[in-house]
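So for the sequence shown, this note's numbering puts the first residue at 1; every next one is plus one. Even for Gly, the Cβ is constructed at its ideal location relative to N, Cα and C.
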Amino acid sequence: MNSYMISIITASILFLPAAAVFTLPFVIVHYRRYGGIPVIRVMVVYSFILYSMCALFLTVLPLPSFASAAASPAKPIGWIPGHDLYETMKDAGFVFRDFSTFQNPVHWKRMFSSFGLFQIVANIIMQIPLGIYLRYYFRMDLKKTLLIGFLVSLFYELTQLTGLWFIYPKAYRYAEVDDLINNTLGALIGYWITPLFQIFLPERDDIDEESYLKGLSVTLLRRFFAYLFDLILFGMINWIFIAAYQPEMKGWAVNLVWMIVFIIQFGILPVIFKGSTCGQILVRIRVKQKDGVTKATFLQHLLRSLMLYVLETGMAFMSSILLGYAVYLMSLQEAFSPERVFVIITSVLIPVVYFWWIAHCSRRYHTLPHSHYTHTMLVPIPVSVRIRNRDNENDYKYFH
């Protein structure tokens, strides 16, 4: 039982870095396809990732040492269907040629409390969520659910049979036909009981429609991902270029490279790409003038990006440093000198002025300074979506 808990705890711990790696492609795909990401879709997709990690780790953990795996006896394949249940009943005291043993409640109690039956039930339960996900979210029919459930189970058994795909010199866990049958049965049960969960969950078509409706507005999260991707891309381009030519470049040349890359990425490319930076293309938004229709000029794009990435980001970074420095100065066990008081007041005053400026623009103009002072705004790039009508499966609603 401890090995099961270790596998689940390990999957839960590793879920956070796995989710971080998965987030960017997930965001890009869904913003490109729908224009928005509702909370329920995030919950379903990330819970599926966590479930998949738990199921995989349950089949491969705990990992033995290479020495113990090499020294262990060979693990034969369990080819006989029903062998696990037969051995469990036999160990419980049942004799198949003696019907009276089946009338003994002690034998039944022994079987239902046995670890062998627990393993059989656990293998069935392990893939019940897979059947639910396949029918509810991925819209698989019965045949596809059975096929995918069988293939996933086959992958688990081959992983065990090959010693974690030949990482180990031999198999360290048993591969059995019974596990294949029980896992596939679990996926089938999950498919059958999915309607019970759909009572409490929205229809997949409703999730798609909500995604599109969210895509009609430019949310703060959508802006953030565009900002983050552009910032990372800008840093990577400069790092690659400067790292390659650093020995031959002087300080002014490095600054010149930063300026050229900035002008190209945030001034020239948005004009070429109809108002979108590379990050904004990924989340399907573009910059327009304040009327929401007229194209922004090259100068507007450049000034907007200068304010956002240089002034506002730089001030936010500097404000956090100054506040931290002010806290440090106040924590010193020394008498307050006039110079120290002046530095503390200045270190607090600059962040206060900065955050007041941001809050003032947000409250009065309903936007941030880089949009207000450049007379620009972000608008969504429309997507075309076809959503099935729940009342008639052959009828579709079209959104543009």
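Continuous beta strand (DSSP E) stretch holding residue i: start and end
| i | result |
| --- | --- |
| V379 | T376 to P380 |
Selected residue, minimal CA-CA separation from residue i, among the options
| i | options | result |
| --- | --- | --- |
| Q198 | D208, S47 and R135 | R135 |
| F241 | L228, V261 and A226 | V261 |
| Y174 | L188, F166, T159 and A187 | T159 |
| I125 | I167, I181 and T101 | I181 |
| I77 | Y172, L302, F112 and L303 | Y172 |
| R33 | E209, M111, V95 and G186 | E209 |
| L233 | I13, P64, Q265 and M111 | Q265 |
| M89 | S72, I80 and F112 | F112 |
| L147 | P81, S211 and T184 | T184 |
| P351 | S337, S331 and S319 | S319 |
| Q289 | L308, F224, L221 and V379 | V379 |
| V327 | S337, F336 and I344 | I344 |
| T10 | Y31, F26 and P62 | P62 |
| A69 | F166, N104, T297 and W356 | F166 |
Residue i (DSSP reduced to helix, strand or coil)
| i | result |
| --- | --- |
| D173 | It is worth fixing the name first, because residue 173 is Arg in this sequence and not Asp. If DSSP states are grouped into helix, strand and coil, R173 belongs with coil. |
| V95 | strand |
| S65 | coil |
| Y86 | helix |
| A19 | helix |
| G149 | helix |
| Y34 | coil |
| Y396 | Unreliable positioning characterises Y396 in this predicted model, as indicated by a pLDDT of 48, which lies under 50. The coordinate reading is nonetheless provided below. Looking at Y396 - three-state DSSP - the assignment turns out to be strand. |
| F200 | coil |
| I80 | coil |
| N104 | coil |
| T402 | Residue 402 is absent from the structure shown; the chain starts at 1 and stops at 400. |
| V383 | coil |
| V261 | helix |
| V218 | coil |
| M5 | helix |
Segment limits, alpha helix (DSSP H) that includes residue i
| i | result |
| --- | --- |
| K75 | Note, K75: premise wrong, no alpha helix (DSSP H); not H, not E. |
| E210 | R204 to G215 |
| W165 | G163 to F166 |
| Y46 | V39 to V60 |
Contact check, residue i vs residue j, beta carbons under 9 Å
| i | j | result |
| --- | --- | --- |
| I281 | G35 | no |
| G279 | A226 | yes |
| G116 | D84 | yes |
| E203 | E176 | no |
| P169 | F66 | yes |
| E312 | L368 | yes |
| C361 | H372 | yes |
| G314 | K295 | no |
| Y133 | G93 | no |
| L56 | I8 | no |
| S153 | Q127 | yes |
| Y51 | L130 | yes |
| S211 | R41 | yes |
| D401 | N123 | No statement about residue 401 is possible, as the shown extent of the chain runs from 1 to 400 and does not include it. |
| A19 | I49 | yes |
| L24 | F342 | no |
| V254 | M377 | no |
| R284 | V121 | no |
| K214 | I37 | yes |
| V45 | F15 | no |
| M307 | H366 | no |
Any non-hydrogen atom of the ligand GDP within 8 Å of residue i CB
| i | result |
| --- | --- |
| M307 | What this structure holds is no ligand at all, so the ligand GDP is not there to describe. |
CB contact below 9 Å: residue i versus chain D
| i | result |
| --- | --- |
| F166 | No chain D is present in this structure, which holds just one protein chain. |
If we require 4 or more residues per run, which alpha helix (DSSP H) segments fall completely within the region 107 to 146?
115 to 126 and 128 to 136
In chain order, which alpha helix (DSSP H) runs of at least 4 residues are fully inside the region 264 to 328?
269 to 272, 278 to 282 and 298 to 305
Please give me, in chain order, every unbroken run of the alpha helix (DSSP H) with length at least 4 that falls completely inside the region 331 to 377.
338 to 365 and 369 to 372
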